[in-house]
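See structure below.
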Amino acid sequence: MNTPTEKTITVLIAGGGTGGHLFPGLALAEAFQEIGAEIHFAGSSHGIEVRAVPRAGHPLHLIPVRGIKGRGVLRKLLGLFMLPAAFISSWRLLRRVRPRLVVGVGGYASGPVVWTASLLGYRTAILEQNTVPGLTNRKLGRRVRRVYITFPESARYFPEKSVRNLGNPVRRAIVESLSGGASTQGNGPLRIFVFGGSQGARAINELFMQSARRLAAKGVILRHQTGAADRERVEAAYREAGVEARVDDFIHDMAGAYAEADVVVCRAGATTCSELAIAGRPAIFIPYPHATDNHQEHNARSLVQTGAAILLLEADASPDTLLAHLDSLSRDRLVAMNAAMIAAARPRAAAEIRDDLLAL
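Shown next as structure tokens:
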């Protein structure tokens, strides 16, 4: 068994690519920092981790890896061709950092790093944020000591002895700012926060541009994260229609954006679901229809069943269906959805996962 030679606990967190994978890793890193642990991240050169991890003050080690599943033939071949280098790079990183714990959070780099760590005898674990796990986590789940799940529906994919249902870690700023937060809806205009994940969502952006004049007539106030590609177009559409809106390509202060909103219109990634629950913010989910194994729709339905959210499939999304859902949001319904969201929250997930890992 590999053990750290220094007194400080060293933790290697592997994965990223999107905020849905990376942000739980950053939240877990915060929990380990509370006990003085040294944190390292392993990721790829083309994911959100390239800017977010250094911004959080952690060293980032790049693994030469690309995705394989669900891509074109050439991309699959490139991904397969790069795998040997990814495993060699992972082995070198582990020998250099010598962590006490290796945790995979999903994303391309998670697979080779966690697999190699398990072969070398390191204490390993993965976070599975979604109701339906992807191929990599299904494989890793048979090798690691712990699998931390967010939704009980995903337990059936992993060995029972290794599964712990402790929730999805959420960053401290969001927990501290919003835990137990009440709806801000009063007699004023409806405040809507719109976003499509860390990179934006073209379909959601188009939907709101098409709905701009009707949103202006309704008198709503919008905060919209569009992603870099669509910001100017969305901003122009709102300006022309007379919508009161603040448009950003990326928002670092998600806690503030949630706090200002009465309802959130967004994708249904697991991290988004977890943050909304802690914030107590009702949601209209428009799941990404091409997500692996349709996991976003499954995530959304889990909260829709509790009364915390509304489901609007992308295939059904139009100005008519969007406005119909917005018109259905009476004050009483928003209050009920707020309570249902808070009931689903797991604000201590990061600390509980940290403590369970330390007991390995």
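Residues 128 to 487 (this note's numbering) make up the sequence shown, in order.
Glycine included, each C-beta is placed from N, C-alpha and C at the ideal position.
A direct Cα-to-Cα measurement between arginine 394 and arginine 283 gives close to 25 Å. In summary, glutamine 432 is exposed, with fewer than 16 beta-carbon neighbours lying within 10 Å of its beta-carbon over all protein chains present.
In the three-state scheme derived from DSSP, where H, G and I count as helix and E and B as strand, asparagine 426 is classed as helix. By the CB criterion at 7 Å, proline 239 and alanine 213 fall inside the cutoff. The C-beta of serine 445 has fewer than 16 other C-beta atoms within 10 Å across all chains shown, which makes the residue exposed. Check the Cα spacing between alanine 368 and each of Leu450, Gln337, Gly354, Phe278: the tightest is with Gln337. In this structure, proline 226 and isoleucine 480 do not form a Cβ contact; the two beta carbons are roughly 16 Å apart against a cut-off of 8 Å. In this structure glycine 327 is not in contact with serine 401, their Cβ atoms being roughly 20 Å apart against a cut-off of 8 Å. Residue ranges of uninterrupted alpha helix (DSSP H) with 4 or more members, entirely inside the segment 135-202 and ordered along the chain, are 146-160, 176-183. Beta-bridge annotation (DSSP): glycine 231 is paired with Ala141, Ile253.
At the C-beta level, alanine 472 and alanine 427 stay beyond 7 Å of one another.
Annotation: phenylalanine 285 to serine 171 spans about 26 Å, alpha carbon to alpha carbon. Its chain contains Gly142, Gly143, Gly144, His148 as the residues whose beta carbon lies nearer than 6 Å to that of glycine 234, once the 5 sequence neighbours on both sides are disregarded; these appear in chain order.
Judged by DSSP secondary structure, asparagine 465 falls within the alpha helix (DSSP H) whose first and last residues are 458-470. Taken in chain order, the complete beta strand (DSSP E) segments of 3 or more residues contained in the segment 356-427 are 371-375, 390-393, 410-412. In the DSSP assignment, glutamine 352 falls within the beta strand (DSSP E) that extends over 348-352. DSSP, read as helix, strand or coil, puts alanine 486 in coil. A residue is called buried when at least 16 other Cβ atoms come within 10 angstroms of its Cβ; aspartate 357 meets this threshold and is buried.
The segment 260-280 makes contact with the segment 236-250: 3 or more CB pairs, one atom from each, lie closer than 8 Å.
Rounded to the nearest whole angstrom, the CA to CA distance from leucine 317 to alanine 466 is 18 Å. Judged by beta-carbon spacing, aspartate 375 lies within the 7 Å limit of glutamine 352, meaning their Cβ atoms are closer than that value.
Taking a C-beta distance under 7 Å as the contact criterion, alanine 410 and alanine 372 do not qualify as a contact pair.
Closest in alpha carbon position to alanine 252, among Val370, Leu139, Val361, Ala478, is Leu139. Judged by beta-carbon spacing, arginine 366 lies beyond the 7 Å limit of alanine 388, meaning their Cβ atoms are not closer than that value. In the DSSP annotation of this structure, valine 297 is not part of any beta strand (DSSP E), being labelled neither H nor E. The alpha carbon of glutamate 359 has as its nearest neighbour, out of Phe377, Val347, Gly346, Ala343, the alpha carbon of Phe377.
Rounded to whole angstroms, the Cβ separation of glycine 323 and asparagine 332 is 7 Å, and the two are in contact under 8 Å. Taking aspartate 420 as the centre and dropping the five residues before and after it, the same chain places the C-beta of Val259 closer than 6 Å to its C-beta, in chain order. In the DSSP annotation of this structure, the continuous segment of the beta strand (DSSP E) that includes arginine 318 starts and ends at 318-322. Boundaries of the beta strand (DSSP E) around arginine 291: 290-292. DSSP places arginine 340 inside the alpha helix (DSSP H), whose first and last residues are 339-345.
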